[in-house]
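First up is the structure itself, then whatever we jot down about it.
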Amino acid sequence: DSHEYMSFNVICQNLLILIERSCQEVDECFHQSSPTHVKSTDVHRNFQFLCKSDECNSATNTHYLIDTEEGQTQFDRCSCEENDVLRKLTKEETYWFPAEQQGVKTKRISQQEMLQISREIGGSGEDLAAQLGRLAKWHEIKQDPTASNKILNLLFEWDRGGGEREE
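Following the working numbering, the numbering of the sequence shown begins with 19 at its first residue and continues without gaps.
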């Protein structure tokens, strides 16, 4: 009995696709049921993504990301309404964007491969964390009593961060 797990990132992206499709259906219904003079009206909408950067005062001042375009990935830089300096997306912001552009292949590891690696390594993840440049994250995960497979958790965090070393 195998279960297929879907990451929160994929769930958010699928939700965004469903919202876009629903909006298109509403537009089509609107145009089909409207009087002739209204049919020429074009509806334009774009999605705004909340800024979650610690550098901004987002806790008290809600504002949005700017410079996000169609084809935006988790690794493209963006800015926000309060801070026009281009930056990496935060962990919470990446959920809404795919890891790669459609049709572009990357050398990322799959969730199945992560699970396989976590099983092969066993209990000692210190060396792996050092190789991935995630020692600080490893120590944080080790202290988390809710993380049942700590190495898998480390690999997910590494992957979510773009597979890049911490600076």
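Glycine is no exception: its CB is placed at the ideal position from the N, C-alpha and C atoms.
Quantities reported herein were computed from a predicted structural model and do not represent experimental measurements.
CA nearest to the CA of residue i, picked from the options
i: E138; options: L170, T108, H49, Q149; result: L170
i: N64; options: D85, M24, N79, H49; result: D85
i: N27; options: R95, Y113, P163, E118; result: Y113
i: L104; options: S71, P116, W176, T78; result: S71
i: C74; options: I159, S97, E87; result: S97
i: C30; options: A117, Q149, E158, N101; result: A117
i: L34; options: A165, D102, F115; result: F115
i: E87; options: H157, Q66, D102; result: Q66
Short Cβ contact (9 Å threshold) for residue i with residue j
i: L68; j: L107; result: no
i: L146; j: I135; result: yes
i: E144; j: L150; result: no
i: K168; j: D177; result: no
Contact belief for residue i with residue j at Cβ below 8 Å, rounded distance in angstroms
i: K155; j: L172; result: 7 Å
i: T99; j: H81; result: One detail in the question is off: residue 99 reads as Glu in this sequence, not Thr. That pair is a contact at about 4 Å.
Bridge partners - residue i, DSSP secondary structure assignment
i: L83; result: C98
i: L173; result: BP columns for L173 are empty, so no partner.
i: L68; result: Y82
i: R105; result: C96
Neighbour flag for residue i against chain C, beta carbons, 9 Å
i: H157; result: Absent from the structure: chain C. Only one protein chain is present.
- prompt: Does the stretch 39-47 come close enough to the stretch 76-91 to have 3 or more Cβ pairs within less than 8 Å?
  reply: no
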